[in-house]
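Here's the structure we're looking at; comments come further down.
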Amino acid sequence: MYTLYRRTGTASYAVEVLLEELGVEFERVNVVNETGHQSLAGLKQLNPLGEVPTLIAPGGTVMTESAAIMIYLADAHPGAGMAPAASDPARAAYLRWMVYLATNVYMSYRHMYQTYGYVPEASLYPPIQEMARNTIIEEFQQIEDALSPGPFVLGDRFSAVDIYLAMFPDWHTEPEQLLSRFPALNRLCTTVNARPSIARVRANG
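Numbering (my numbering), first residue to last: 400 to 604.
Now the structure itself:
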């Protein structure tokens, strides 16, 4: 059985949805940002950064980094069809967009919401946050342009990268306004968010 260290409002959400899609057994360990909290102390023994998601595989292997965890899980359960095989021509686009989301969109949101981790002076936060907001729009525009014919990143083929992508608009300050600007992204998110796995994860907080 897998063990997922998770926290609401983080990228552990996408990992949790994927675990539901795979139909595998897993235990949720909720982590809070409180010094001395038991789950946080246990997490830091596995992941010194104390970050979520952190996944423990059935054999005891510890995985960190949301995109890496999702690539690993989808490959570990090929029968679920959540990722193209290494020999599949669609594998290139799948990996491209998984890494793009992790290294571009994810980091832009961190610059916007965790500005304190990059600059020491609060007076510098507003211009950095404004730059991050503009960059996010540019990054979603690239995704919008690539979502053709759609409805998914890999055309008519649903995969783990769609779960990952559909998570990010929820992080936006005005999700509805963002999605109204990008109709193809909106269609993808609407389709993904209608899946039963999403409802099960949201029911668990």
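C-beta atoms are modelled at their ideal positions from N, C-alpha and C, and glycine is treated no differently.
None of the values given here were measured: they were computed from a predicted structure.
In the DSSP annotation of this structure, the continuous segment of the beta strand (DSSP E) that includes N429 starts and ends at 425 to 429.
Contiguous alpha helix (DSSP H) elements confined to the stretch 447 to 532 occur at 465 to 475, 490 to 499, 505 to 512, taking only those with 4 or more residues. Going by C-alpha positions, R580 is about 9 Å away from I536. Distance between A473 and H510, taken at the CA atoms: about 29 Å.
Scanning its chain for C-beta atoms nearer than 6 Å, with the 5 sequence neighbours on each side dropped, one finds around A531 the residues S507, H510, M511, in chain order. With a cutoff of 8 Å on beta-carbon distance, Y563 and L500 are scored as near each other. Burial state of L584 is buried, judged by a 10 Å Cβ sphere holding 16 or more other Cβ atoms. Looking from the CA of E424, the closest CA among P452, Q444, Y404, P457 belongs to P457. DSSP, read as helix, strand or coil, puts T534 in helix. In the DSSP assignment, L403 falls within the unbroken beta strand (DSSP E) covering 401 to 405. Judged by DSSP secondary structure, L587 falls within the alpha helix (DSSP H) whose first and last residues are 582 to 592.
For the pair of segments examined, the stretch 442 to 449 was found not to touch the stretch 542 to 560: the number of CB pairs separated by less than 8 Å stays below three.
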